[in-house]
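S.K.: Provided herewith is a single structure, encoded as structure tokens, for subsequent inquiry.
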Amino acid sequence: MMQERLQELQEEALQKVSAASNLKELNDIRVAYLGKKGPITEVLRGMGKLSAEERPKMGALVNVVREAITSAIEEKQAVLEAEAVNAQLAAETIDITLPARPVNKGNHHPLTRIVEEIEDVFIGMGYTVAEGPEVESDYYNFEALNLPKSHPARDMQDSFYITDEILVRTHTSPVQARTMEKHKGQGPVKIICPGKVYRRDNDDATHSHQFMQIEGLVVDENISMSDLKGTLEVFLKKVFGQEREIRLRPSFFPFTEPSVEVDISCKICSGKGCNVCKQTGWIEVLGGGIVHPNVLEMAGFDSKKYSGFAFGIGVERIAMLKYGVDDIRHFYTNDIRFLKQFHHHEA
Ligand code: DAH
Numbered sequence: 100m101m102q103e104r105l106q107e108l109q110e111e112a113l114q115k116v117s118a119a120s121n122l123k124e125l126n127d128i129r130v131a132y133l134g135k136k137g138p139i140t141e142v143l144r145g146m147g148k149l150s151a152e153e154r155p156k157m158g159a160l161v162n163v164v165r166e167a168i169t170s171a172i173e174e175k176q177a178v179l180e181a182e183a184v185n186a187q188l189a190a191e192t193i194d195i196t197l198p199a200r201p202v203n204k205g206n207h208h209p210l211t212r213i214v215e216e217i218e219d220v221f222i223g224m225g226y227t228v229a230e231g232p233e234v235e236s237d238y239y240n241f242e243a244l245n246l247p248k249s250h251p252a253r254d255m256q257d258s259f260y261i262t263d264e265i266l267v268r269t270h271t272s273p274v275q276a277r278t279m280e281k282h283k284g285q286g287p288v289k290i291i292c293p294g295k296v297y298r299r300d301n302d303d304a305t306h307s308h309q310f311m312q313i314e315g316l317v318v319d320e321n322i323s324m325s326d327l328k329g330t331l332e333v334f335l336k337k338v339f340g341q342e343r344e345i346r347l348r349p350s351f352f353p354f355t356e357p358s359v360e361v362d363i364s365c366k367i368c369s370g371k372g373c374n375v376c377k378q379t380g381w382i383e384v385l386g387g388g389i390v391h392p393n394v395l396e397m398a399g400f401d402s403k404k405y406s407g408f409a410f411g412i413g414v415e416r417i418a419m420l421k422y423g424v425d426d427i428r429h430f431y432t433n434d435i436r437f438l439k440q441f442h443h444h445e446a
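For the sequence shown, our numbering assigns the number 100 to the initial residue and increments by one for each residue that follows.
Printed below as a string of structure tokens:
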């Protein structure tokens, strides 16, 4: 009787185990058949009524049935667990063949690149980089540069005044005076100063009310025009190519005497004359000269002991010539299609 009952239980349990479709169902089956309140425990309890001979036989049989059910459950459990892992893996699969979202990489503004390139050339020649304020006093912007209040050359640079004595600087030259003052009459001074400057100009293809300059200044004993020429030759050839030639023309600036305008040979026509160089074969790139003794003296330098040269570079002009840009406004309207063209120049 008991034997049959056990046989039935085993069959029933194994059927249910094989039909179980998830781990919870399987656990319910385990509790139902092997748990404390389950039918097998009940059979064991009933064994007290059996004879001493039958008891061990029945005990062994119960163990066989219990083990059969246990191992069936374990096998099924392994199968269900593997299925669960596979299902999760399938659900979480990443499709690596999908195209990635594009990453928009920025790059330096062309003017920043030109400034850094020019800085590198001069740092290589022993210069340090100096800075000065964009909101400047009339004194440093003009007077300290040998441009007293009544001086007609003030008209060369139409200014944005904030008060009678304060303006936004019209050039980077005031940094010359500021730097020399800091040196307290003691040479050598060897600086370049990049920065923004402002002029009351109407914006067009070659004018911008705000643009950039790089000022250069060297003060030491026995500085002459040939030092300026040699320095500018090294600089311009580094930036525009070793095959370019330079030329100095006499000019006028109140803060230098003598003053020069510096040209480089035209790359387009190699000096023969074309539209870009207006048939002259030369392109003007910067101004400079020998620092006026008044400028040295006002900043506390003995002009009998010291002399110096100075120059002012228009950054946009250099960038326009180097990259073939025909309108200065491109640098300030920041059209992404313009700026992107400088990507592949990036080092
Ligand atoms: N400050 C001048 C300008 O803005 C440029 C310049 C010319 C600077 C000659 C100098 C210089 O230092 O020596 O037009």
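We treat Cβ as the ideally placed atom computed from N, Cα and C, and that holds for glycine.
I'd like the span of the beta strand (DSSP E) that includes Met311, first residue to last.
M.R.: Within the sequence shown, residue 311 is the residue found at index 212, counting from 1. From DSSP, the beta strand (DSSP E) with Met311 extends over 309-319.
S.K.: Cβ of Phe402 within 6 Å of any heavy atom in the ligand DAH?
M.R.: As a first step, residue 402 is located in the sequence shown; it is residue number 303 there, counting from the start. Note that residue 402 is Ser in the sequence shown, not Phe. No, Cβ of Ser402 sits at least 6 Å from all heavy atoms of the ligand DAH.
S.K.: What are the partner residues of Asp362, as DSSP defines its beta bridges?
M.R.: In the sequence shown, counting from the first residue as 1, residue 362 sits at position 263. Paired residues: Arg346, Glu383.
S.K.: Under the three-state reduction of DSSP, which class applies to Ile417: helix, strand or coil?
M.R.: The residue you call residue 417 lines up with position 318 of the sequence shown. It is helical.
S.K.: Going by DSSP in three states, Leu179 sits in which element: helix, strand or coil?
M.R.: Residue 179 sits at position 80 when you count from the first residue of the sequence shown. Leu179 falls in the helix class under three-state DSSP.
S.K.: Using DSSP with H/G/I as helix, E/B as strand and the rest coil, what is Gly423?
M.R.: As a working note, residue 423 is residue 324 in the sequence shown. In the structure shown, Gly423 sits in coil (DSSP, three-state: anything other than H, G, I, E or B).
S.K.: Counting pairs of Cβ atoms below 8 Å between the stretch 284-296 and the stretch 314-321, do you hit three or more?
M.R.: Short answer: they touch.
S.K.: Return the CA-CA distance between Ile389 and Thr355, expressed in angstroms with no decimal places.
M.R.: Along the sequence shown, read from residue 1 onward, the residue named residue 389 stands at position 290. Along the sequence shown, read from residue 1 onward, the residue named residue 355 stands at position 256. Cα-Cα distance, rounded: 5 Å.
S.K.: Helix, strand or coil for Phe408, going by three-state DSSP, please let me know.
M.R.: Walking along the sequence shown from the start, residue 408 turns up at place 309. The answer is strand: DSSP assigns Phe408 an E or B state.
S.K.: Compute every distance between the C-beta of Phe241 and the non-hydrogen atoms of the ligand DAH, then say whether any falls below 6 Å.
M.R.: Position 142 of the sequence shown, counted from the start, is the residue given in the question as residue 241. It does not: the Cβ of Phe241 is nowhere closer than 6 Å to a heavy atom of the ligand DAH.
S.K.: Lys281 by DSSP, collapsed to three states: which one?
M.R.: Counting from 1 along the sequence shown, the entry for residue 281 is found at position 182. Reduced to three states, the DSSP call for Lys281 is helix.
S.K.: Report all residues from its chain with a CB closer than 7 Å to the CB of Glu332; omit the five preceding and five following residues, and keep chain order.
M.R.: Residue mapping note: residue 332 aligns to position 233 of the sequence shown, counting from 1. Cβ within range, chain order: Ile345.
S.K.: Strictly by DSSP, which residues pair up with Pro293?
M.R.: Translated into the one-based positions of the sequence shown, residue 293 becomes position 194. In the DSSP output, where bridge partners are listed per residue, Pro293 has Ile313.
S.K.: Please give me, in chain order, every unbroken run of the beta strand (DSSP E) with length at least 3 that falls completely inside the stretch 134-209.
M.R.: Whole beta strand (DSSP E) segments, 3+ residues: zero.
S.K.: Sorted by chain position, which residues of the same chain lie with C-beta nearer than 8 Å to Trp381's C-beta, five sequence neighbours on each side aside?
M.R.: Reading the sequence shown from its first residue, position 282 is the one you call residue 381. The answer, listed in chain order, is Arg346, Asp362, Ile363, Ser364, Cys365, Gly370.
S.K.: If we count the other Cβ atoms within 10 Å of its Cβ and call it buried at 16 or more, is Pro293 buried or exposed?
M.R.: Sequence index remark: in the sequence shown, residue 293 carries index 194 (1-based). Answer is buried; the Cβ neighbour count reaches 16.
S.K.: DSSP beta-bridge partners for Glu355?
M.R.: For the purposes of this step, residue 355 is taken as residue 256 along the sequence shown, with counting starting at 1. Inspection of the sequence shows that residue 355 is occupied by Thr rather than by Glu. Thr355 is bridged to Phe352, Val390.
S.K.: Taking buried to mean at least 16 other C-beta atoms within 10 Å of its own C-beta, is Pro209 buried or exposed?
M.R.: Numbered from its first residue, the sequence shown carries residue 209 at position 110. When all chains shown are included, Pro209 counts as buried.
S.K.: Are the stretch 205-222 and the stretch 320-327 in contact at 8 Å, needing three or more beta carbon pairs?
M.R.: No, they do not touch.
S.K.: Using beta-carbon positions only, say whether Glu230 and Arg268 come within less than 7 Å of one another.
M.R.: The count along the sequence shown starts at 1 and reaches residue 230 at position 131. The count along the sequence shown starts at 1 and reaches residue 268 at position 169. No, the Cβ-Cβ distance between Glu230 and Arg268 is not below 7 Å.
S.K.: Between the beta-carbon of Leu246 and the beta-carbon of Arg253, is there less than 7 Å?
M.R.: By one-based count along the sequence shown, residue 246 stands at place 147. By one-based count along the sequence shown, residue 253 stands at place 154. Against a cut-off of 7 Å, the Cβ pair of Arg253 and Leu246 comes out as a contact.
S.K.: Could you check if Asp401 is buried or exposed, using at least 16 other CB atoms within 10 Å of its CB as the buried criterion?
M.R.: Residue numbering aside, residue 401 sits at position 302 when the sequence shown is read from its first letter. Label assigned to Asp401: exposed.
S.K.: Ordered along the chain, which non-local residues of its own chain (more than five positions away) have a Cβ less than 8 Å from that of Val384?
M.R.: Taking the first residue of the sequence shown as 1, we reach residue 384 at position 285. If we look at Val384 and ignore the five residues flanking it on each side, its Cβ neighbours are Leu335, Val361, Asp362, Ile363, Ile412, Gly413, Arg416, Ile417, Leu420.
S.K.: Given the structure, does Thr355 come close to the ligand DAH, in the sense that its CB is under 6 Å from one of the ligand's heavy atoms?
M.R.: On the sequence shown, residue 355 is found 256 positions in, with the first residue counted as 1. Answer for Thr355: yes, Cβ within range of the ligand DAH.
S.K.: Does DSSP put Ser117 in a helix, in a strand, or in coil?
M.R.: In the sequence shown, counting from the first residue as 1, residue 117 sits at position 18. Helix.
S.K.: How would you call Ala186, buried or exposed, if buried means at least 16 neighbouring beta carbons within 10 angstroms?
M.R.: Position 87 of the sequence shown holds residue 186. It is exposed - the Cβ of Ala186 has fewer than 16 other Cβ atoms within 10 Å.
S.K.: By Cβ distance below 6 Å, which residues in the same chain neighbour Ala112 in space, the five residues on each side in sequence not counted?
M.R.: On the sequence shown, position 13 is the one that residue 112 refers to. Taken in chain order, the residues that qualify are Tyr132, Ile168.
S.K.: Would you kindly check if the distance between the Cβ of Ala276 and the Cβ of Asp426 is under 7 Å?
M.R.: The residue you call residue 426 lines up with position 327 of the sequence shown. The residue you call residue 276 lines up with position 177 of the sequence shown. Not in contact: Asp426 and Ala276 (Cβ atoms no closer than 7 Å).
S.K.: Does the beta carbon of Ser272 fall short of 6 Å from some heavy atom of the ligand DAH?
M.R.: Within the sequence shown, the letter at position 173 stands for residue 272. It does: the Cβ of Ser272 is within 6 Å (strictly closer) of some heavy atom of the ligand DAH.
S.K.: Which of helix, strand or coil does DSSP assign to Val234?
M.R.: One-based indexing of the sequence shown puts residue 234 at position 135. Here Val234 sits in strand by DSSP.
S.K.: I need the DSSP call for Ile128, collapsed to helix, strand or coil.
M.R.: Looking up residue 128 in the sequence shown gives position 29. Residue state, collapsed to three classes: helix.
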